[in-house]
Structure formats: structure tokens, C-alpha cells
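Residue numbers (this note's numbering), protein chains in the order written: chain F, 1 to 290; chain C, 1001 to 1290.
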């Protein structure tokens, strides 16, 4: 196996995380102008910088996603004390970076990333649980597995569930899991949207507008988990109506107002941000520059 | 020679560049909320991410600052098209990173960085010229050497000038050159100021307030070069008076207004920003987290 420059792939992933959190305004989420009380913009920057060696290792690795995920969470938390910043993003980025290390073009990336996630093992599932416990993420329990319960590891072993199996179980309500099962469909769509928009709107607004399009199409997992499916649907409807405002001034004003509202309610579409990061990674991997 | 984890040192340098450009408002300079027409916030982020492999290499290198500087400029420009972003910062960071690779504490860093810059060669001076030409920086000519003139390379060879010698010639009017000659005095002072302030004010305001203190004490080289020494002095006086406003609200309002004024006039204290980057690097090297 010949690997493409692993440092180049790792830097594409770092920059994807940094450009995503910088883009403003992304309704409800942390960005360069919006912080939560305990988690701030700078925590995301430090996490993206800190995780570099794990990304570089992933770019020359054939297996062991679970362990790489765990190491990503550990490394991220060494560089910042803002709590969970990138857990969902790492679940998408690690297999994409592994695929990126073996590929020169998008077609190869699409094929390899599917192969990589399908080949995950029971050990990957167990390491995922450890990573998950360490990151302290809010999630909906996976079917009859309670992700907050260490007994689940016993269940995983008995049932022989791989990490891919866990994602299969969760795909109906979890956008990130769905990406694993559906060949990273939204991620690759997202990268097309960003690259289409960057020439006319520049990098910041290309990300913001793509974020809004994703939001209008998908019920965000973070919102479903924190609130319920009705709230997630309400957000998609609102995003759709803002994008129909016609001219860019109207749309951007609508986005700013929407942002204020979601921040006030504590509604953060975190999974949509994770897809943006994955889409930015694919775009940078394909050579997008600005 | 045992080297400390070179990836850790390189990430400290990356994060230093990213935190510096993010901190807002830094009067006259690009930050997360202020762009120039052709050079934008995101260009600085991409440059900081892109230069990683050169920083990692510097952390295990004993000599060759000039070549590393040239490679930094080349790598930075592969990742962004906003022009010169970090040339002054690289001149400070490369020797600091080289020293960081050999040191576990500040005392060692202070000693090693002095040794490293004193040991530069004529070849380093020549490579510096190449880097300089590639970066397209505005500078005052070095004494009778015109930095925009390739004949200067002939002059350097004839006179046997090392890169340290060039800095010695420029130190009276160039803050960055002065750092090389004075043992990175302002850099280490800056790191103390940032670490003192971070507990009370958080990372953003610690950087902003330290930036203002540096600005009140030093006539910025960038301003001297673009305008003249009177303009540079006017800026120090103004910065001093703002910091004397007493309470934090008054000071922060003063800083915002000062920022608007300098941006309107095109007065950007770029060398002060470079010292901030170097000071942030030392702070992160010493274990500062947030």
C-alpha cells in the first residue's frame, strides 16, 4: 500500500475543523462570534490543533478506528478544557482520513471509506464506547444498548457487534451513523455544495449557506437528542423558509435572526456542523484553496 | 541530543498563530472580525495549519534557519492565496521551535534560542533573502543592502554576513531583528503578561490587553516602514492613554474605537502581532492551557 503524504491529509482535516468553527453565523452553534458558557470558540481551535498526531497516524493506518477515536478524544482534551468539541466530527473524519491516505481522487475516497467502515470489528465497538464515555456526549441510547452503561460492553461482546453494526442500529435517528451506512452521502454532497459556492461567496459564506441547506434537509441528531423530533423538524422548516427569501441580503439577515433565536433557546445543530467538517475535509482533499 | 516530542512543539507554534489572529479587537490588525481586502482571517488560519511539517522539522533541527524560513513561506503559500501572512512570525518562531525541541523549561529555551541565532551562517542570510523575496514583504532596506535587490546576495557573500549580522544591522529600527539580538526579551516578557492575564480575562482578552501593552511600549516596525517613526510614536502614545482609562469597560471601549481608527487609516502594527505569536508560543510551551 502506498500512502499519500499523511501530513497533507492530516492538515486537510485540521483546517476543515478550524474553518467550520470559524464560519459565522451558523445558527445555534459556536462560531467565531458566539460562545457557550463553558465551551468557547478557542476550545474548538485548540482541539483541532491538538489532535494532529492522531490524524497523521490515521492517514497511514488500515484498521483500528475505535482506538483512533479514543486517542482523538484523549488528545483533544489535553489541549483544552471546554469539554466535548469534536466527537461527532472524529467519527466521520477518522475513516475519511484513513481513506484519504490511500487515495488520490474523490472516486477512490468514496470507495475506500465505505470499505473501511464495513471492516470495523467488535474491538472497534468497544473502543468507541470508551471514547464515548470519555467525551461525555449526550446521545440517544442505541436500541437496547445504553451507551452510558458499561454493561453494554458485555452485550456487545456476547452479540458480536462491530462498530459498523452499532451504526446500522442507530442510522434511523442519527445523521452521523447514517453516513457510515450510506457511504458518506451527505458528506460528499456537502463538499459539492461548498465548492460550488466558494467562488461567488468566499469561504465563510460558502460554509454558512451550505450549513443552512443541510439544516433545511435533515433533522439534526443533536436537536432530536436534546429536545425531540418536532423541534428538529421545526428547525428544518424555518431554515427552508429563510433560504427562500430571494436575495442574499434577505437571506443573510434571516440567518442572523435565526441564529439569535436558536442560541437563546439552546438549540445547537451539532451533527450538521460535523457533516460540514467532513464536507470541508473532502473539499480540501480535492484541492480546494482560497 | 534528545528531542522533546517535536509534534508537541510544532502544535504549540500552530496554536500560537491561530490564537493570535483570532483575538479581537487588536487595533489595526486582521482578527476574527476584521479583514483587509486581499488578506483575510481565513488566510492566516490556513497558513498556520499548512506550515506544520516545517515546524515539526525545525523541532528536530540544529541548524539551517534560513532554509527553514524559505520552506515556511513556500508551504504557507501553498495553502492560501492571501499573500504574506506570517513572515515576521516565522523569523521568531523558527529559532524558538528549534530551541523548544531541545528544552523542557523556559530557562533552557532562553539560553538555546540565543545560541541558535548566534550560530547562523552566510548561507542562512542568503536563504533569508530568497524567503523574503518570495513572501513579498514591505521592509526598510538593511543599511546599504537593498533587500529588494538580488545583487545584495553578492554583497552578503563578499562581506561574509551571517543572518545574525543582518539582524544586528537592522536592530535599531526593527523589533523582530532586535529580538534576535536581545535574547528574545520582548517575547519572554510577552509570555509573562499573557499568562498573568489569562486567569482573570480569558484567552481572548489576555491577548488583546497584552497586545495593547506592547503597542504602548514599542514603536511598531510595520508602521515605521509603511508610514514613518512619528506615526509609530503617535500609536504608542494613544495606546498608553487608552490603557490608563481605569476600568475594563472604559479600556475595552477605547480599544474598539482605536481599532476602527487604525483600520480606517490602514495602520497595522504587524510586528507587534509577531511578538504576540512568539509570546503565545512560549506560554503554550510552558504548559498554558484554557
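Note that CB positions come from ideal geometry on N, CA and C, so glycine has one too.
For chain C, check one thing: does any of its Cβ atoms lie closer than 8 Å to the Cβ of residue i?
| i | result |
| --- | --- |
| residue 27 of chain F | no |
| residue 278 of chain F | no |
Assign residue i to one of two classes, buried (16 or more other C-beta atoms within 10 Å of its C-beta) or exposed (fewer than that).
| i | result |
| --- | --- |
| residue 1029 of chain C | buried |
| residue 1042 of chain C | buried |
| residue 120 of chain F | buried |
| residue 229 of chain F | exposed |
| residue 67 of chain F | buried |
| residue 1170 of chain C | buried |
| residue 1077 of chain C | buried |
| residue 1026 of chain C | buried |
| residue 260 of chain F | exposed |
| residue 38 of chain F | exposed |
| residue 1118 of chain C | exposed |
| residue 1246 of chain C | exposed |
| residue 1289 of chain C | exposed |
| residue 1191 of chain C | buried |
Please list, in chain order, the chain C residues whose beta carbon lies closer than 8 Å to that of residue i.
| i | result |
| --- | --- |
| residue 204 of chain F | 1042 |
| residue 18 of chain F | 1018, 1045, 1049 |
So which residues of chain F does residue i contact, with C-beta pairs closer than 8 Å?
| i | result |
| --- | --- |
| residue 1192 of chain C | By Cβ distance, chain F contributes nothing, its closest Cβ being about 20 Å from residue 1192 of chain C, past 8 Å. |
With DSSP run on the structure shown, which of helix, strand or coil describes residue i?
| i | result |
| --- | --- |
| residue 205 of chain F | helix |
| residue 8 of chain F | helix |
| residue 1031 of chain C | strand |
| residue 1025 of chain C | coil |
| residue 161 of chain F | coil |
| residue 230 of chain F | helix |
| residue 244 of chain F | coil |
| residue 1080 of chain C | coil |
| residue 190 of chain F | helix |
| residue 1097 of chain C | helix |
| residue 53 of chain F | helix |
| residue 127 of chain F | helix |
| residue 152 of chain F | helix |
| residue 222 of chain F | helix |
| residue 296 of chain F | Past the boundaries of the shown model lies residue 296 of chain F; chain F is included only from 1 to 290, so the question cannot be answered. |
| residue 200 of chain F | helix |
| residue 1040 of chain C | coil |
| residue 107 of chain F | helix |
| residue 1059 of chain C | coil |
| residue 1102 of chain C | coil |
| residue 1175 of chain C | helix |
| residue 1286 of chain C | coil |
Just checking: is the beta-carbon of residue i within a distance shorter than 8 Å of some beta-carbon in chain F?
| i | result |
| --- | --- |
| residue 1096 of chain C | no |
| residue 1032 of chain C | yes |
| residue 1007 of chain C | yes |
| residue 1188 of chain C | no |
| residue 1229 of chain C | no |
| residue 1014 of chain C | yes |
What residues from chain C crowd round residue i, counting only those whose CB sits closer than 7 Å?
| i | result |
| --- | --- |
| residue 11 of chain F | 1049, 1050, 1052 |
Less than 8 Å between the CB atoms is what I'm expecting for residue i and residue j, so what's the real figure, rounded?
| i | j | result |
| --- | --- | --- |
| residue 207 of chain F | residue 134 of chain F | Their Cβ separation, rounded to whole angstroms, is 29 Å, which puts residue 207 of chain F and residue 134 of chain F out of contact at 8 Å. |
| residue 152 of chain F | residue 128 of chain F | So it is not a contact: roughly 11 Å between Cβ atoms. |
| residue 1269 of chain C | residue 1215 of chain C | 6 Å |
| residue 1103 of chain C | residue 1004 of chain C | 7 Å |
| residue 272 of chain F | residue 184 of chain F | Residue 272 of chain F to residue 184 of chain F, Cβ: 15 Å. No contact. |
| residue 1089 of chain C | residue 1277 of chain C | 4 Å |
| residue 75 of chain F | residue 51 of chain F | 5 Å |
| residue 231 of chain F | residue 267 of chain F | 7 Å |
| residue 11 of chain F | residue 1137 of chain C | Not a contact, Cβ separation roughly 24 Å. |
| residue 1056 of chain C | residue 1006 of chain C | 5 Å |
Along chain F, in chain order, which residues have C-beta atoms closer than 9 Å to that of residue i?
| i | result |
| --- | --- |
| residue 1289 of chain C | 46, 78, 79, 80, 81 |
| residue 1022 of chain C | 22, 32, 41, 42, 45 |
So which residues on chain F does residue i lean against when the C-beta distance must stay under 7 Å?
| i | result |
| --- | --- |
| residue 1093 of chain C | Within chain F, no residue comes near residue 1093 of chain C; the closest Cβ sits about 14 Å away, beyond 7 Å. |
At least one CB of chain A closer than 8 Å to the CB of residue i: is that the case?
| i | result |
| --- | --- |
| residue 1169 of chain C | Given the protein chain composition of this structure (F and C), no chain A is represented. |
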